[in-house]
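J.: 11 is the number of the first residue of the sequence shown in the working numbering; add one for each residue after it.
Think of the CB as a built atom: it goes at the ideal place given N, C-alpha and C, for glycine as much as any other residue.
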Amino acid sequence: MKINKNLVLIGMMGSGKSTLGYLIAKKLNLAFIDVDREIEEIEMMSISKIFKKYGEKHFRIIEEKITSEILKKNSLSVVSLGGGAFLNKKIQDLVLKKNISFWLKWKNASIIKRLKNYSKRPVLKNMNNEKLINLIDQRSKIYSKADYSIECDNLEKFEIINEIIEIYETK
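1. Report all residues from its chain with a CB closer than 7 Å to the CB of I143; omit the five preceding and five following residues, and keep chain order.
2. Within the same chain, show all residues whose beta-carbon is closer than 6 Å to that of T5, passing over the 5 residues directly before and after it, in chain order.
3. Please identify the residue among M54, L97, T29 whose C-alpha is closest to the C-alpha of Q148.
4. Return the chain-ordered list of same chain residues with a C-beta closer than 6 Å to the C-beta of L86, the five sequence neighbours on each side being excluded.
5. Enumerated in chain order, which unbroken segments of the alpha helix (DSSP H) with a length of 4 residues or greater are wholly contained in the segment 21-57?
6. Between V88 and G26, is the Cβ-Cβ spacing less than 7 Å?
7. If distances are taken between C-alpha atoms only, which option among L81, I122, E53, L114 comes closest to K107?
8. Thinking C-beta only, is K115 closer than 7 Å to E166?
9. Near I187, which residues of its chain fall below 7 Å by C-beta distance, leaving aside the five closest residues on each side in sequence?
10. Which of helix, strand or coil does DSSP assign to M11?
11. Tell me which residues share the same chain as S90 and place their Cβ nearer than 6 Å to its Cβ, disregarding the 5 neighbours each side in the sequence.
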């Protein structure tokens, strides 16, 4: 059966969407689109600078526009969404109607550990562990709407990739 849908990765920042997305695309011989990198390229500044200069609301408007354009194209790609993109109803609807989505799910402790190395994340500014856990819990309720949930804890990178590809290729 010919697959004609994008493979979309969603999940918390630090969950591995960009790294795994690139590797999955390479293995499937598909284009890889990292929405955050696309935004930075189009805006000619880092996401941190966009947040600092214009605020989160402005960033979310740009994110919706660029993500929608990417998802509406009929090019077969592996798409890595920004951590907050799937919270947007318009983006969520596009992802769920016309694509195959995978939530890279990690335990809270794992995400917190993975995010300790990300001081450049504007959403994490002034956050302690308690606030971060609340953010993860809030977002998880929405991420759970993805077509598939991949429990990433205790899996090696190649195991996550193979599990996603196996599911994707049977659709």
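T.: The structure says:
1. N118
2. Any answer about residue 5 is impossible in this case: the structure gives the chain only from 11 up to 181.
3. L97
4. L40
5. 27-38, 45-53
6. no
7. L81
8. no
9. Past the boundaries of the shown model lies residue 187; the chain is included only from 11 to 181, so the question cannot be answered.
10. Confidence in M11 is poor, its pLDDT being 45 and thus under 50, which makes the residue's placement unreliable; the coordinate value appears in the next sentence. If DSSP states are grouped into helix, strand and coil, M11 belongs with coil.
11. L19, K27, S28, G31, D44
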